[in-house]
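J.:
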Amino acid sequence: MIHAFPRRLYKADTAEAARRLLGCRLVREVDGERMAGIIVETEAYLGTEDLGCHSARGRTNRTEVMFGPPGHAYVYLIYGMYYCLNVVTRPEGDPQAVLIRAMEPVEGLERMRGNRSRRRRRSSPADRELANGPGKLCEALGIDGSFNGIDLAGKALRIELMPPVPDRDVAAGPRIGIAYAGEWADKPLRFWIRGNPCVSTKE
DNA sequence: TATACGATCACCT
DNA sequence: GGTGATCGTATAC
4 MIHAFPRRLY KADTAEAARR LLGCRLVREV DGERMAGIIV ETEAYLGTED
54 LGCHSARGRT NRTEVMFGPP GHAYVYLIYG MYYCLNVVTR PEGDPQAVLI
104 RAMEPVEGLE RMRGNRSRRR RRSSPADREL ANGPGKLCEA LGIDGSFNGI
154 DLAGKALRIE LMPPVPDRDV AAGPRIGIAY AGEWADKPLR FWIRGNPCVS
204 TKE
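Count along the first sequence from 1, then add 3; that gives the number in the working numbering.
(1) Going by alpha carbons, who is nearest to MET38 out of VAL90, CYS141, GLY198 and ALA47?
(2) Whose CA, out of ARG31, GLU163 and LEU102, lies closest to the CA of ASN118?
(3) Determine the closest residue to ILE103 out of ALA47, ALA175, ALA59 and ASP189, with distance taken between C-alpha atoms.
(4) Starting from PRO108, follow the beta strand (DSSP E) in both directions and report where the run begins and ends.
(5) Provide the residue span of the beta strand (DSSP E) that contains LEU88, from first to last.
(6) Check whether the Cβ atoms of ALA20 and LEU12 sit closer than 7 Å, and answer yes or no.
(7) Since ALA105 contacts GLU44 with CB under 8 Å, what's their CB separation in whole angstroms?
(8) Since PHE194 sits in a beta bridge, which residues does DSSP pair it with?
(9) Once DSSP output is grouped into helix, strand and coil, what is the label at GLU163?
(10) Can you tell me whether DSSP reads HIS75 as helix, strand or coil?
(11) Going straight from the alpha carbon of ALA156 to that of MET84, what length do you get?
(12) Provide the residue(s) that pair with ARG31 in DSSP beta bridges, ordered along the chain.
(13) Given this structure, state the Cα-to-Cα distance separating TRP195 from VAL109, to the nearest angstrom.
(14) Report yes or no: do three or more beta-carbon pairs, one from the stretch 63-71 and one from the stretch 129-143, lie closer than 8 Å?
(15) Among PRO200, ARG193 and SER127, which one has its Cα closest to the Cα of ARG23?
(16) How about HIS75 and GLY152: are their beta carbons less than 7 Å apart?
(17) CB-CB under 8 Å to ASP147, same chain, minus the five flanking residues each way: which ones, in chain order?
(18) When you compare each of GLY50, SER126, GLY138 and VAL168 to ALA100 by their alpha carbons, which one comes out closest?
(19) Identify every residue that forms a DSSP beta bridge with LEU80.
(20) According to DSSP, is ALA134 part of a helix, a strand, or is it coil?
(21) Is ALA20 helix, strand or coil by DSSP?
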């Protein structure tokens with residue numbers, strides 16, 4: 004029996020949720036067709052104190068859903084071109100989230116290739132490069148700003164609980180692309196499955 | 001109203 | 001190793 008990732012795990016602790024999401028399945032259903040992948044890389048963003056977290060700048064239109072209930076999607080546009088998918092964590096009013104950075108495609112690869120080939124590019128991406136980054140993952144699954152705020156236990160997009168990845172196969176390190184965040188830039192809040200070919204950057 | 005820049009990616013040398 | 005694409009957001013005026 005497949006279960007949705009439990010809301011209490013989103014609610015309890017963001018870094019632990021980020022680590023526990025490794026190995027779980029991200030499933031997208033569109034036109035009765037399924038796409039799915041194994042989450043292999045995540046990052047924890049710890050709210051108002053965390054200078055790398057959008058909500059550290061306060062409650063705005065963009066960050067509004069992070070202040071809402073856990074288990075919902077926070078989707079934002081980055082660099083004017085790409086979307087990033089997060090899961091909101093912690094109780095309402097504590098604006099934290101986990102960024103889903105990469106997944107290993109396991110189902111619906113044909114459709115993912117189609118989604119990833121819309122943009123101008125020389126050649127079709129290799130399977131391991133379909134979703135090995137936060138922007139690519141959203142492009143492969145057809146996730147855009149209209150998904151902002153939706154429940155991630157719903158039909159169109161959901162996360163399914165899988166057995167935990169053993170500690171020996173989990174690595175942690177600094178988050179990507181937040182050099183501006185002072186001491187927060189160095190904290191080991193990025194998690195990935197050691198040796199997995201679909202992780203976004205060199206380990 | 002104006003401006004600088006970002007939780008990225010693909011292509012270039 | 002470097003850089004352009006492209007636009008919403010935060011911040012400054």
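The C-beta atom is built at its ideal place from N, Cα and C for all residues, glycine as well.
In this text, all values refer to a predicted model and were calculated from it rather than measured experimentally.
T.: On the basis of the data shown:
(1) CYS141
(2) ARG31
(3) ALA47
(4) 99-110
(5) 85-92
(6) yes
(7) 4 Å
(8) THR45 and ALA175
(9) strand
(10) strand
(11) 27 Å
(12) MET38 and LEU160
(13) 17 Å
(14) no
(15) ARG193
(16) yes
(17) VAL78, TYR86 and CYS141
(18) GLY50
(19) TYR86
(20) coil
(21) helix
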